[in-house]
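Protein chains in written order, with the numbering used here: chain A, 1 to 110; chain B, 1 to 232. Heads up, the beta-carbon is just placed ideally off N, CA and C, and yes, glycines get one too.
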Amino acid sequence: MIGTGIKRGTAELAVLSVLEYGPLHGYEMARRIEKQTKGALRFTLAALYPMLYRMEQRRWIHGVWENSSSGRRRRCYRITPAGKKKLSPLRREWAELFGALRRLTKVSNG
Amino acid sequence: MVDWETRVELRLTGLALEPGERAEVIAELAAHLAETCEELRKQGITEEEAVQRTMSQVEDWQKLSRLIQTARTKENIMTNRVKQFWLPSLLTLLLSMVLLLLIQFFGPSPWTSDSGNHLRMTPVAVVYVSWLLTLPLIGAMGAFLSIRAGGSARAVFSSIMFPVFPYLAFVVVGLPVALILDDHVAHNITIPAFFVGLSAWVIFPAVALLAGGLPVQIFISRRLNYRRIAGG
Numbered sequence: 001m002i003g004t005g006i007k008r009g010t011a012e013l014a015v016l017s018v019l020e021y022g023p024l025h026g027y028e029m030a031r032r033i034e035k036q037t038k039g040a041l042r043f044t045l046a047a048l049y050p051m052l053y054r055m056e057q058r059r060w061i062h063g064v065w066e067n068s069s070s071g072r073r074r075r076c077y078r079i080t081p082a083g084k085k086k087l088s089p090l091r092r093e094w095a096e097l098f099g100a101l102r103r104l105t106k107v108s109n110g
Numbered sequence: 001m002v003d004w005e006t007r008v009e010l011r012l013t014g015l016a017l018e019p020g021e022r023a024e025v026i027a028e029l030a031a032h033l034a035e036t037c038e039e040l041r042k043q044g045i046t047e048e049e050a051v052q053r054t055m056s057q058v059e060d061w062q063k064l065s066r067l068i069q070t071a072r073t074k075e076n077i078m079t080n081r082v083k084q085f086w087l088p089s090l091l092t093l094l095l096s097m098v099l100l101l102l103i104q105f106f107g108p109s110p111w112t113s114d115s116g117n118h119l120r121m122t123p124v125a126v127v128y129v130s131w132l133l134t135l136p137l138i139g140a141m142g143a144f145l146s147i148r149a150g151g152s153a154r155a156v157f158s159s160i161m162f163p164v165f166p167y168l169a170f171v172v173v174g175l176p177v178a179l180i181l182d183d184h185v186a187h188n189i190t191i192p193a194f195f196v197g198l199s200a201w202v203i204f205p206a207v208a209l210l211a212g213g214l215p216v217q218i219f220i221s222r223r224l225n226y227r228r229i230a231g232g
C-alpha cells in the first residue's frame, strides 16, 4: 500500500495522465485512476475536487458543464495546452525519483 | 430519492464563494455523490447502506469547505505570473537598487579606470565592486523565490536577471535616443566609453547575478521537485 504523502504527490500526474486520453468528469476520473492503478491510487470526493479546482486555477485543466445521456449535468474536465506542457516534466521528475529510489534500494539490498 | 444537492449544501455552510460559483461546486459534488451511490446500488447494496457509504467519502465537511475555498480563491489573489515572475523580479531589483544607493552614500568607493591619471578623458569606467559582490546573493534569492512558486526556467532566469534590465534598457533605448536628441551627449560619448559602460552596468552585474542564480536554479530546483513529488 502506498503511503498518503506519496499518493498526494502523484495526484496531479495521475489526473493529467488520464485526461491526456480525453475529457472526463470527476467521478469517471476517480474510477479510471483506481482501475488503471489496480486500486493503488484511490480518490475520494474530498481528495479529488480541491485538487481539480487548484489545477483549474493553474490552467492545467479546464472544466465545462455538459449534459450526460441520462440527463444529468456534469462538469467535464479536459487537459489544456499548459497542462500538456506540465505533464512531460512531471513524468520526467517521477522517473528520476523512482530511478533514484531503485538505485538506493539496490545499494541497500546489495 | 435522495436530494444530494441539499445534503451537500447543508454540509458546506462554511464555503464562502460567490453565489453562482458556490452553486456550481455544490452541483458538481452532488453529481459525484449521486453517481457513487448509484454504482453501489447496482452492486445490490440497500439504499440506506449505499447512502451511508457514499457520505462516508467525506469525513470532515468543514475541512473540505476550507480546501475548496483555498483552491478556488487563493490563486486569484496572487496569480502565478505574479508569484513566479513579478514578485521575485521586483524584489531583486529593489534590493539591488537599495544596496547600490547605500554603497554610493556610505562607501566603499567604486573602482575607476582613470585612477592616478587625471589627464585621461574617456572612457572612464566606474565599477562598484562591492555592489557586484552582493549581486550573486540577490540572483540566488530571485531564483529561489521563483522556483519555490513553481516558475518555469524562463521565469526563473528573468527573475535572476531583472536588476540589469533597467540598465540594459538605458543602453539599448535611452542612450540612442539621447544621442539623437541631445548634441551634448553626441559630442561627448565615444564608442569605447559605450562598451565600458555596457560592461560595468550590464555585463558584469549580469554575470554576478547569474553566478548566484544559476547554481540555485540547477541544484535547489531539483531538491524542491523531489520534495514536492514525495510530499505532495
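- The beta carbon of Tyr49(A) sits closer than 8 Å to some beta carbon of chain B.
- Under the DSSP definition of a beta bridge, Glu66(A) partners with Arg74(A).
- Following the DSSP letters along the chain, one finds Met1(B) in no alpha helix (DSSP H), marked with neither H nor E.
- By the CB criterion at 8 Å, Pro166(B) and Ser130(B) fall outside the cutoff.
- Judged by beta-carbon spacing, Tyr49(A) lies within the 8 Å limit of Leu29(B), meaning their Cβ atoms are closer than that value.
- For Ser65(B), the closest of Ala16(B), Gln57(B), Gln52(B) by C-alpha to C-alpha distance is Ala16(B).
- DSSP links Thr112(B) through a beta bridge to Val126(B).
- Residues of chain B with a Cβ closer than 8 Å to the Cβ of Arg73(A) are, in chain order, Ala27, Ala31.
- Around the beta carbon of Gln69(B), 16 or more other beta carbons lie within 10 angstroms, which makes this residue buried.
- Proximity of chain B to Tyr77(A) at the Cβ level (cut-off 8 Å) is not reached, the minimal Cβ distance being about 10 Å.
- Exclusion of the five residues before and after Leu24(A) leaves Val18, Arg32, Cys76, Tyr77 as the residues of its chain whose Cβ lies within less than 7 Å of its Cβ.
- Between Trp94(A) and Leu13(A), the C-beta spacing is below 8 Å.
- Contact of Thr36(B) with chain A is assigned, a C-beta pair being separated by under 8 Å.
- Within a 10 Å sphere around the beta-carbon of Pro163(B) sit 16 or more other beta-carbons, which makes this residue buried.
- Here the C-alpha atom of Ala31(B) lies approximately 8 Å from the C-alpha atom of Trp4(B).
- Membership of Ile33(A) in the alpha helix (DSSP H) is indicated by the continuous run 26–36.
- By the Cβ test, the stretch 60–71 of chain A is not in contact with the stretch 40–50 of chain B, since fewer than three Cβ pairs between them sit closer than 8 Å.
- No Cβ of chain A is located within less than 8 Å of the beta carbon of Val216(B).
- Close to Thr105(A), with beta-carbon spacing below 9 Å, lies no residue of chain B; the smallest spacing is near 15 Å.
- In the structure shown, Ile45(B) adopts coil according to DSSP, grouped into three states.
- Thr44(A) has a beta carbon lying within less than 8 Å of a beta carbon in chain B.
- Identification of chain B residues near Arg54(A) by a Cβ-Cβ cut-off of 7 Å yields Ala71, ordered along the chain.
- Phe106(B) and Thr134(B) have their C-alpha atoms some 15 Å from each other.
- At least one CB of chain A lies nearer than 8 Å to the CB of Gln57(B).
- Around Gln36(A), no beta-carbon contact reaches into chain B at under 9 Å, the shortest distance being about 17 Å.
- According to DSSP, residue pairing for Ile191(B) in a beta bridge does not occur.
- Using beta-carbon distances, Gly83(A) does not count as an interface residue toward chain B, since no partner is under 8 Å.
- From the beta-carbon of Leu64(B), the residues of chain A found nearer than 9 Å are Leu45, Ala46, Tyr49, Pro50.
- Listed by position along chain A, the residues whose Cβ is nearer than 7 Å to that of Leu67(B) are Pro50.
- Contact with chain B is found for Gly26(A), since one of that chain's Cβ atoms lies less than 8 Å from the residue's Cβ.
- Looking at Val216(B), Met141(B), Leu132(B), the one whose alpha-carbon comes closest to that of Ile203(B) is Leu132(B).
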